[in-house]
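Residue numbers (UniProt numbering), protein chains in the order written: chain A, 1 to 677; chain B, 1 to 677. For reference, the structure discussed in these notes is given below.
Protein chains: 2
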Amino acid sequence: MAGNGKRARVVFQPSGRRGEFPIGTPLLDAARSLGVYVESVCGGRGICGRCQVSVSEGRFAKEKIDSAADHLGPATEAELRYATLRDLARDRRLSCQATIEGDLVVDVPVDAQTNRQVVRKRAENVDVTPDSAITLVTARVAEPDMETPLGDADRLRRALAAAADLPRLALDPPLLAGMQKLLREANWQVTAAIWQDDDAPPRVVALWPGEKQHVYGLAVDIGSTTIAAHLCDLQSGRTVTSAGTSNPQIRFGEDLMSRVSYIQMNPEKLPDLVRTVREAVNALIAKLVADIGAQRSDVLDAVIVGNPIMHHLFLGIDPTELGGAPFALAVSEAVHTTATDLGLELNPGARAYLLPCIAGHVGADAAAATLSVRPFDSDAMTLLVDIGTNAEIVLGDRHRLLAASSPTGPAFEGAEISCGQRAAPGAIERIRIDPETLEPRYKVIGLDQWSDDPEFAEVRDQVGVTGLCGSGIIEAVAELYLAGVVTSDGLIDGALAEKSPRIVQKGRTFAYVIADDDVELTIRQTDIRAIQLAKAALYAGVKLLLDKLGEPEIQRIRLAGAFGSYIDTKYAMVLGLIPDCDLSEVTSVGNAAGTGARLALLSRVQRRRIEQVVRDIEKIETALEPRFQEHFVNAMAFPNKRDPFPKLRAAVALPEQKTAEPQAGPDGDRRRRRRRG
Amino acid sequence: MAGNGKRARVVFQPSGRRGEFPIGTPLLDAARSLGVYVESVCGGRGICGRCQVSVSEGRFAKEKIDSAADHLGPATEAELRYATLRDLARDRRLSCQATIEGDLVVDVPVDAQTNRQVVRKRAENVDVTPDSAITLVTARVAEPDMETPLGDADRLRRALAAAADLPRLALDPPLLAGMQKLLREANWQVTAAIWQDDDAPPRVVALWPGEKQHVYGLAVDIGSTTIAAHLCDLQSGRTVTSAGTSNPQIRFGEDLMSRVSYIQMNPEKLPDLVRTVREAVNALIAKLVADIGAQRSDVLDAVIVGNPIMHHLFLGIDPTELGGAPFALAVSEAVHTTATDLGLELNPGARAYLLPCIAGHVGADAAAATLSVRPFDSDAMTLLVDIGTNAEIVLGDRHRLLAASSPTGPAFEGAEISCGQRAAPGAIERIRIDPETLEPRYKVIGLDQWSDDPEFAEVRDQVGVTGLCGSGIIEAVAELYLAGVVTSDGLIDGALAEKSPRIVQKGRTFAYVIADDDVELTIRQTDIRAIQLAKAALYAGVKLLLDKLGEPEIQRIRLAGAFGSYIDTKYAMVLGLIPDCDLSEVTSVGNAAGTGARLALLSRVQRRRIEQVVRDIEKIETALEPRFQEHFVNAMAFPNKRDPFPKLRAAVALPEQKTAEPQAGPDGDRRRRRRRG
């Protein structure tokens, strides 16, 4: 084995970045320390599979490296599980799992960063034929002729129009300044980027001497906490690199509404909020182009998606109107603008496109997710849910599509939960509760072993057990319900305190103790209440849309966004976050908004499609619907007071309907519940 | 009579500017000292008639002024002459002639500043139906509705599209930022400026609350020495105010080629040349909008014309390619751009349009002059000449149109002439030479009296007699030729030294002494030679075009530009600057380029027309034409060695063909000339 004993040399391709690392360093860590972007959305747990890399074997003279696949440590349990459950190609490794054991040349495949989405897209057949708004055309321009004194720009346009078979072609005036020198230095052979979208006449927006093979487009999903950006080759349609960062606007307010409040209180700070997010995107652009050895001027188009407030702020629009009824969007249809107008540091001729917003609470990100999931092309009644502080809900099929949002609040993100925390090492992400003993076993982020593993005690202190992340909370509440600790009304059954020391009284209610080592981790009555409120809001929103459609059977459920990617769909259904459906038809679609942004970046057909879909989509304002409250009250129960969830019951043994004192609902409800109980 | 003895109060309307002035101050001087723009192109000589004003009579309580028409001094000789020759309305005075004799409220009529052009336009029937690229549309926008969550911008676009009967309407994205506030403050009633030109889809480019009545457009003619700008009401088509300034690029080079050389030597200074001319235009804009009490944001469109080098520099393009063969224009077709891209401080949504350039030496100014004179609509064979350092020549009729330029050099502008000077007080502008006595009488700029007037000696020292301006030189040489002092070959006949002391020997040649008081003012052989070279170049260019057209008879001649406005067309023809033509059909058209710019500003039909005309016009590169030299040699003679000028001879008694030793031309020419002599 090569290597120099304690440290090994690693070169990442195609970026060519290199460094020396201690033996045993996970490849992902090494990549990150060199600024090589490898996507990973599961926090290095070997779940998401996006961090795949391969080893280039052999002797690399230039690099002075003997690289071999076995210079990586053996596959971990997580990696073997991933390889079994998904399809990990033979030469691929998960860089979060594989450790450096010798000198290596590592290839970061351009598709690896979006591997899961590629798989998903293939599965759902949303291959895109590249048809971007930017076309590259190479042409030989006629030299100047005193007898026919047509300007250089005019001869250029004629040559390009002929080469591109366009009847007419405009030219961005700022190109005129440098054009004469460029034409002469290029000996009259140039490549132009021609932009055409919608009903705009085609325009030359950039010029290069000679032949130019690749230009790129940027797809950005601006979330309230994170920003994800992808660089795509506009000709091949391939995603060549991706990067993410946190949204620095967070310092003006943790969540959306607090940012709107901040602007209402400090209207003069609006430019700061706008600048700060644009700067973050510019930093991502710098990272992306450096990753592939390209330049900013190689990026000719950008697609931006985000929720309405992020969308407005990115456009420089004061989002105050979105802070209160009637939640008036400044603009709902797609926006065609220039990168310069958005402060994006790309090619000076680069264009930008923002997908349409569906409604005041259902943004361009929801439109992009819809474009990615394509319910409008499906015969299957599809529910698409993106869960955040607001749940954005799209329901329908090729015949009819509805959209709404429900104010779920931040409980699903671990906020308002007594021992909630963000998904980070030490957070419980999975939990099982034995229905007999009521004892828990759990798994924390950062450790492979479950808590009942004999080795757990040894490794435990590496990360500690610090709290419950969103998926951990969902599983904990669902397992408590399945174990009979929590009634379908959401009450912790105090009578069980006699059976298990894990049930303890806290004031006038009871709590369930998961752990009591570093810190006491308990599920309290208030935590369950917070989950009930959040999931009832989500479910009530779905029900409203189902009402409008005549209560059809839901055939597919797609969960989008970070939360949707991590929760176990079974537990989500056990709690009644989502309606009854064949569990095999409930899947996560990851960052569907980012995928939709890329589709719009790569294809004008997709832009026109989503513009029309958003025009046609029926927007339901949940606050205006009289039945919302009724659905909400019913949805407080697990899984639901009214809806029977037969498909779920066929797959999961739900506890007998056991009720404690009801905490909400009119008398009639209480009577019915007792009768059913 | 009112007034306070030594000083009088004067208020200029509509600007409302006021001041006190010594009795006897010319109104034009008073206006200028207050920054009230009154056009005057003849240097205050009562010739151009553009400085017309009227007196508002009566008691003006607010102004504390008793204003009466007779508070102006009596009409001067120049004013009476103007009133007789042109049509000066009863209530109008020439402000360069009228002196302040008491308190006054003076009205500067909006049409006065372009009076002459209005007259001319009426005469040549180029009334324009306003059809500008900017339309104002007022609409009531539907308020936001949660059930139909269309964005404010989308409802705005729908309301405007309905009001303007447009199927589709885009909106400039930068408008989004302020739109929501504006809509609410305007209570949903707004006026939009909609821009549409060529094949661009219509766009909302500006918004105002409520109703907006007037928006303006800017027409600018950028000359190498002066910049003229007009503000036009885009709805009515009226020119509401005008202003001019010198081109500050002059500090980088007096003439065009010296500026190109400067950039070639100092390429890093290009941005300075660009900025300096744009700043000058911005200063004019400030003056124009202040004049009418408007704001920069009321100006929505701009049309810019200039010769190719001025045109390129204004666009920020390095004009180096225009400095040498093949004189490649960066762009020849019309340029559609934005005011912002040109650094113009207008409404942020304002557009800009540059007329097409015809060829490397025949610019957008020539295109504009062509649009103004409209030979392409005429059955009359028309010659349009704009004389500067280059003479731009357009010849043809509705069937066929040709264009060329000839390098006349700066002689016509008084440069390269021993006693030449710019048109300024003290310059001889007119001269007559008695064919018998050979004694001259002349008139200088700034004095009414001719030099043979008994009063002349008294007033002479007010301005002195300092040199000859362009028109003075033309008249002097022509009168010397008519008086037989100069032969048709351009030689001063030394034999006449015996007859008159005004013919004196200077080295190996002779000179004619006009005056010998303050300074000796003489026409030397070299001066005549310079005029011959310049006029021969011009005439040879015209002849080339005539050749191409089969030597048709010229039915109309139009002289454009400052020089063309001041020279006496008879003398121009006597010297053979211009070809033979009925003298009544030879007229000056003033700043035809500025008029053409206004036509393009006010009418898209005119834009499309001149674009097509310029595409179709046949461009002749004089340097490539083998017959140029032959025509040039023939044109060295007065009026011409070959062409007989029968119409001129019918109107003016030309001297018998008297030759001295020829100075140029092949032997064959000499023989023929002798045979004819």
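Yeah, the Cβ is synthetic: ideal placement off N, Cα and C, and Gly gets one too.
May I ask which residues mark the beginning and end of the alpha helix (DSSP H) holding residue i?
i: leucine 160 of chain B; result: 152-164
i: aspartate 547 of chain B; result: 525-548
i: phenylalanine 314 of chain A; result: 308-314
i: lysine 647 of chain A; result: 646-651
i: aspartate 298 of chain A; result: Note, aspartate 298 of chain A: premise wrong, no alpha helix (DSSP H); not H, not E.
i: glutamate 630 of chain A; result: 628-634
i: aspartate 221 of chain A; result: Premise fails: aspartate 221 of chain A lies in the beta strand (DSSP E), 216-222, not in any alpha helix (DSSP H).
i: aspartate 516 of chain A; result: It is not in any alpha helix (DSSP H) - aspartate 516 of chain A instead sits in the beta strand (DSSP E) that spans 509-516.
i: alanine 369 of chain A; result: 364-373
Since residue i meets chain A, which of its residues come closer than 7 Å, beta carbon to beta carbon?
i: methionine 146 of chain B; result: Ala325, Pro326, Phe327, Glu621 and Leu624
i: glycine 316 of chain B; result: Ala177
i: glutamate 321 of chain B; result: Gln180
Over the uninterrupted beta strand (DSSP E) stretch that includes residue i, give me the two end residues.
i: serine 603 of chain B; result: Segment: none, serine 603 of chain B is in no beta strand (DSSP E) and carries neither H nor E.
i: proline 209 of chain B; result: 203-209
i: serine 405 of chain B; result: 401-406
i: histidine 336 of chain A; result: 335-338
i: glutamine 505 of chain A; result: 503-506
i: histidine 230 of chain A; result: 226-233
i: leucine 136 of chain A; result: 134-140
i: serine 488 of chain B; result: Careful: serine 488 of chain B lies outside any beta strand (DSSP E) and carries neither H nor E.
i: alanine 330 of chain A; result: Careful: alanine 330 of chain A lies outside any beta strand (DSSP E) and carries neither H nor E.
i: leucine 346 of chain B; result: That residue, leucine 346 of chain B, is in no beta strand (DSSP E); it is neither H nor E in DSSP.
Our contact map puts residue i next to residue j with C-beta atoms below 8 Å; I'd like the distance itself, whole angstroms only.
i: aspartate 413 of chain A; j: glycine 470 of chain A; result: Per the sequence presented here, residue 413 of chain A reads as glutamate, with aspartate not at that position. With a Cβ gap of about 6 Å, glutamate 413 of chain A and glycine 470 of chain A count as contacting.
i: serine 54 of chain A; j: aspartate 107 of chain A; result: 5 Å
Given that residue i touches chain A, what residues does it touch there, using C-beta distances under 9 Å?
i: aspartate 377 of chain B; result: The contacting residues do not exist; aspartate 377 of chain B stays about 24 Å from chain A at best.
i: valine 220 of chain B; result: Going along chain A, no residue has its Cβ under 9 Å from valine 220 of chain B, so there is no contact; the nearest lies around 16 Å.
Which chain B residues are close to residue i, counting only those with a beta carbon under 7 Å from its beta carbon?
i: glycine 210 of chain A; result: Under the 7 Å cutoff, chain B gives no residues; its nearest Cβ is about 20 Å from glycine 210 of chain A.
i: methionine 179 of chain A; result: Ala330
i: aspartate 154 of chain A; result: Val331, Ser332 and Glu333
Under 8 Å Cβ-Cβ, which residues of chain A neighbour residue i?
i: arginine 351 of chain B; result: Residues of chain A passing the Cβ test: none, with the nearest at roughly 11 Å.
Do we get a CB-CB distance below 8 Å when we pair residue i with the residues of chain D?
i: threonine 337 of chain B; result: The structure shown contains no chain D; its protein chains are A and B.
Regarding residue i and the ligand HEM, is the C-beta to nearest heavy atom distance less than 7 Å?
i: leucine 654 of chain B; result: Annotation note on the ligand HEM: not contained in the displayed structure, which lists no ligands.
Which chain B residues are close to residue i, counting only those with a beta carbon under 9 Å from its beta carbon?
i: proline 149 of chain A; result: Pro326, Phe327, Ala328, Leu329, Ser332, Cys357, Ile358, Ala359, Gly360, His361, Val362, Lys619 and Glu621
i: arginine 168 of chain A; result: Asp199
Which residues of chain B have a Cβ atom closer than 8 Å to the Cβ of residue i, listed in chain order?
i: aspartate 341 of chain A; result: Pro173 and Pro174
* **Any alpha helix (DSSP H) of 4 or more consecutive residues that is wholly inside the segment 252-279 of chain B** => 256-265
* Quick one: complete beta strand (DSSP E) runs, 3+ long, within the UniProt domain "2Fe-2S ferredoxin-type" (8-112) of chain B? -> 17-22, 52-55, 58-60, 65-67, 92-94 and 104-107
* To do: Evaluate the contact criterion for the segment 570-580 of chain B versus the segment 477-488 of chain B: three or more CB pairs, one atom per stretch, below 8 Å.
  => yes
* the segment 319-336 of chain A / the segment 287-300 of chain A touching (three or more Cβ pairs under 8 Å) -> no
* To do: Jot down the residue ranges of each uninterrupted alpha helix (DSSP H) in the segment 171-195 of chain B, minimum 4 residues, whole runs only, in chain order.
  => 176-185
* Uninterrupted alpha helix (DSSP H) stretches inside the segment 444-484 of chain B (no shorter than 4 residues) -> 456-463 and 470-482
* With contact counted as at least three CB pairs below 8 Å, one residue from each stretch, are the segment 183-200 of chain B and the segment 305-324 of chain B in contact? -> no
* What are the uninterrupted segments assigned as beta strand (DSSP E) that are 3 or more residues long and contained completely in the segment 548-583 of chain B, given in chain order? -> 556-560
* How about the segment 579-595 of chain A and the segment 486-503 of chain A: do they share at least three Cβ pairs that are nearer than 8 Å? -> no
* Inspect the CB distances between the segment 47-58 of chain B and the segment 88-107 of chain B and report whether three or more fall short of 8 Å. => yes
* Three-pair Cβ contact test at 8 Å for the segment 380-395 of chain A versus the segment 420-434 of chain A -> no
* Any 3 or more C-beta pairs closer than 8 Å across the segment 554-566 of chain B and the segment 379-387 of chain B -> yes
* Within the segment 380-431 of chain A, ranges of the beta strand (DSSP E) (whole runs, at least 3 residues) -> 382-387, 391-396 and 401-406
* Asked: Is it true that the segment 268-283 of chain A meets the segment 194-212 of chain A, where meeting means three or more beta-carbon pairs spaced less than 8 Å apart?
  -> no
* To do: Inspect the CB distances between the segment 165-185 of chain B and the segment 206-218 of chain B and report whether three or more fall short of 8 Å.
  => yes
* To do: Pair every Cβ in the segment 582-590 of chain B with every Cβ in the segment 560-568 of chain B, then say whether three or more of these pairs are closer than 8 Å.
  => yes
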